[in-house]
Amino acid sequence: MPPRFKELYKPLPTGRDVRQRRLSQEAQLRRFQREQLFMGKRLRFRASQESETESEYEFTPSDTDAIRRGLKSTRRKDRAASLETLSAKLEQPSEELRRFVLEGECVDILVELLGTTDAEEKLQSLWCLTNIAAGEAAVAERVLAAVPHLLALMTSDDAELQNQAIWAVGNLAAEGEAVREKLFAGGALRPLVDVLSETHDAAVLQTACFALSNMARRPNSYFGRVFELGLPGTVAERLVEFKDDAGCVAELAWVCAYLTAASSVEQLDQIMCTGAVDSLLQQALGADESVHAMLIPIMRTLGNVAAGTDAQTHALVGKDGFLGLLIRCIESTSSRALEKESLWVLSSVTAGRKEDVDAVVDAGAVASLTRIVLKRSFDIKKEAAFSLLNTAIVGQRIADLPNEQLVPEFVEFVRCQDQELVRLGIQYIALLFEHLPDRGGARLLRGVTGGIDALEAHVAVAECDDARAMASALIDEYYVDDA
Numbered sequence: 001m002p003p004r005f006k007e008l009y010k011p012l013p014t015g016r017d018v019r020q021r022r023l024s025q026e027a028q029l030r031r032f033q034r035e036q037l038f039m040g041k042r043l044r045f046r047a048s049q050e051s052e053t054e055s056e057y058e059f060t061p062s063d064t065d066a067i068r069r070g071l072k073s074t075r076r077k078d079r080a081a082s083l084e085t086l087s088a089k090l091e092q093p094s095e096e097l098r099r100f101v102l103e104g105e106c107v108d109i110l111v112e113l114l115g116t117t118d119a120e121e122k123l124q125s126l127w128c129l130t131n132i133a134a135g136e137a138a139v140a141e142r143v144l145a146a147v148p149h150l151l152a153l154m155t156s157d158d159a160e161l162q163n164q165a166i167w168a169v170g171n172l173a174a175e176g177e178a179v180r181e182k183l184f185a186g187g188a189l190r191p192l193v194d195v196l197s198e199t200h201d202a203a204v205l206q207t208a209c210f211a212l213s214n215m216a217r218r219p220n221s222y223f224g225r226v227f228e229l230g231l232p233g234t235v236a237e238r239l240v241e242f243k244d245d246a247g248c249v250a251e252l253a254w255v256c257a258y259l260t261a262a263s264s265v266e267q268l269d270q271i272m273c274t275g276a277v278d279s280l281l282q283q284a285l286g287a288d289e290s291v292h293a294m295l296i297p298i299m300r301t302l303g304n305v306a307a308g309t310d311a312q313t314h315a316l317v318g319k320d321g322f323l324g325l326l327i328r329c330i331e332s333t334s335s336r337a338l339e340k341e342s343l344w345v346l347s348s349v350t351a352g353r354k355e356d357v358d359a360v361v362d363a364g365a366v367a368s369l370t371r372i373v374l375k376r377s378f379d380i381k382k383e384a385a386f387s388l389l390n391t392a393i394v395g396q397r398i399a400d401l402p403n404e405q406l407v408p409e410f411v412e413f414v415r416c417q418d419q420e421l422v423r424l425g426i427q428y429i430a431l432l433f434e435h436l437p438d439r440g441g442a443r444l445l446r447g448v449t450g451g452i453d454a455l456e457a458h459v460a461v462a463e464c465d466d467a468r469a470m471a472s473a474l475i476d477e478y479y480v481d482d483a
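Sequence positions in the sequence shown follow full-length UniProt numbering and run 1 to 483.
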């Protein structure tokens, strides 16, 4: 579910349709990049061999032949050595090894080894398949042939085998919609939910969450089935049981983040009724700001709820500690990702009801947002600027903002190359001109060196008709006294 920013170029928006205009393409790109950072595929490394990985040109066809012979050997010792070597080489596969996976017998041999009675051999084969599934699309999709075996091993009594099989499925699910649909058609969703519901092993639970987070990514055709299987309720229950394990809480939070991101209004209400959001909020309130791995998915979940209906946003704002947590996190300079996520949440809250904006102002958010706009880099400033503009528009609080401090910064926005920042700067100046009495907006702009020049320069080069028209109107109004 995307965040909500008030529509640009409408200082006095009317109608509920304005609230639905939420996210710029650039903001979507930023979220996608952060998502890839935190929820991408996961290799399994052999730490003892990490420094021994050979470069691509050192891996030759003869090396591939040696691995193939070892995997096919009748001697367990030879097979074990080849499996260990192969799994390590797959961490950074050479072109020669890629050919062995794509065109050779590699996956067929590994699948065959999954059928042995030797648990260690199965585990090493799963390790190799997991790393293959973590590769590029063409390589990863070769592992689809092993899915029936992976699903069977997901119910194994051996926790290590179970964990590794789920890990491989999770990597496959991250590959894209087509692969997720094949996994769903093959029956992968229910056993993953069952594992999450039944396991008492923290490592298995975390890996099941990783796989389910990837399965819950949109687009997919089976999202409703996730709710039919009771995944939101299961997540809520496990949050209570594993509340003292930060790693488990973080992975469960990612499941919540993906569920809330794609939910309908009714589904989001269902998630909130399970108590999962309340549990995550309590976890965040008790966490140190340095626990970024847990706080980021929690903040993503809260942001998805805040981007819901007015009633859903209002319910979140009313939860004890929520606004205090939000302000604490937007002031966190130890993690840019956490700071951006938190600012995104605040922009959604301030795009809701006036009473919620008033609560944000009363909590002291304006001072924090102003400090960000004054001191941080442009990408962070932009996130804070959305909330300040929403505060002015929805909360009708433009006169309450520290405008003398803010005007120079918003003029700098007009001068920059980022078109979204330019539009923010122009809209802010328009708000000042329209709502401050006695031409207070024009006076503030005159107090900024080169302020009117920035608007005039924009009119000369602007590609956006709306931005040019608004800037031109502001220039005309600025010079009214000189007419």
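We put the beta carbon where it would ideally sit given N, CA and C, even for glycine.
Worksheet item: Under a three-way DSSP split, which group does residue 348 fall into?
Response: Assigned with DSSP and collapsed to three states, residue 348 falls in helix.
Worksheet item: What's the gap between the Cα of residue 154 and the Cα of residue 301?
Response: 28 Å
Worksheet item: Between the beta-carbon of residue 335 and the beta-carbon of residue 398, is there less than 9 Å?
Response: Their beta carbons are not under 9 Å apart, which means residue 335 does not touch residue 398 by this criterion.
Practice prompt. Can you grab the Cα-Cα spacing for the pair residue 350 / residue 244, in whole Å?
Written response: 33 Å
Discussion item. Which residue wins for smallest C-alpha separation from residue 235, given the options 279, 126, 221 and 327?
Written reply: 279
Practice prompt. Take the Cβ of residue 77 as the centre, count every other Cβ of all protein chains shown within 10 Å, and call the residue buried at 16 or more, exposed below.
Written response: By the 10 Å Cβ count, residue 77 comes out exposed.
Worksheet item: What residue ranges within the region 270-328 form continuous alpha helix (DSSP H) runs of no fewer than 4 residues, ordered along the chain?
Response: 276-285, 292-306 and 310-317
Worksheet item: Which residues in the same chain as residue 96 place their Cβ atom closer than 8 Å to its Cβ, once the five residues preceding and following it in sequence are excluded?
Response: Closer than 8 Å at the Cβ level, and outside the excluded window around residue 96, lie 56, 59, 60, 61, 63 and 64.
Fill in: Per-residue burial, residue 449 [other beta carbons within 10 Å of its own, 16 or more giving buried]
Using a 10 angstroms sphere on the CB of residue 449, the tally of other CB atoms stays under 16, which defines it as exposed.
Item to complete: Assign residue 93 to one of two classes, buried (16 or more other C-beta atoms within 10 Å of its C-beta) or exposed (fewer than that).
Response: buried
Fill in: Where residue 209 falls, given that 16 or more other Cβ within 10 Å makes a residue buried
buried
Discussion item. Please report the distance separating the alpha-carbon of residue 221 from that of residue 445.
Written reply: 53 Å
Worksheet item: From residue 434 to residue 411, what distance separates their C-alpha atoms?
Response: Using only the alpha carbons, I get a separation of about 17 Å.
Item to complete: Just confirm the distance between the C-beta atoms of residue 232 and residue 259, as a whole number of angstroms; I'd bet it's less than 8 Å.
Response: 6 Å
Discussion item. Closest to residue 275 by C-alpha separation, out of 157, 248 and 319, would be which residue?
Written reply: 319
Item to complete: Drop a sphere of 10 angstroms on the beta-carbon of residue 479, count the other beta-carbons inside from all chains shown, and report buried for 16 or more, exposed for fewer.
Response: Around the beta carbon of residue 479, a 10 Å sphere encloses fewer than 16 other beta carbons of the protein chains shown; the residue is thus reported as exposed.
Worksheet entry | Outcome for residue 461 when other beta-carbon atoms lying within 10 angstroms are tallied against a minimum of 16 | exposed
Item to complete: Tell whether a beta-carbon distance below 9 Å holds between residue 454 and residue 414.
Response: yes
Discussion item. Quick check on residue 45: buried or exposed, where buried means 16 or more other Cβ atoms within 10 Å of its Cβ?
Written reply: So residue 45 ends up on the exposed side.
Item to complete: Tell whether a beta-carbon distance below 9 Å holds between residue 194 and residue 159.
Response: No, these two residues do not count as a Cβ contact at 9 Å.
Worksheet item: For residue 478, which three-state DSSP category applies?
Response: helix
Practice prompt. Drop a sphere of 10 angstroms on the beta-carbon of residue 273, count the other beta-carbons inside from all chains shown, and report buried for 16 or more, exposed for fewer.
Written response: exposed
Worksheet item: Helix, strand or coil for residue 188 per DSSP?
Response: coil
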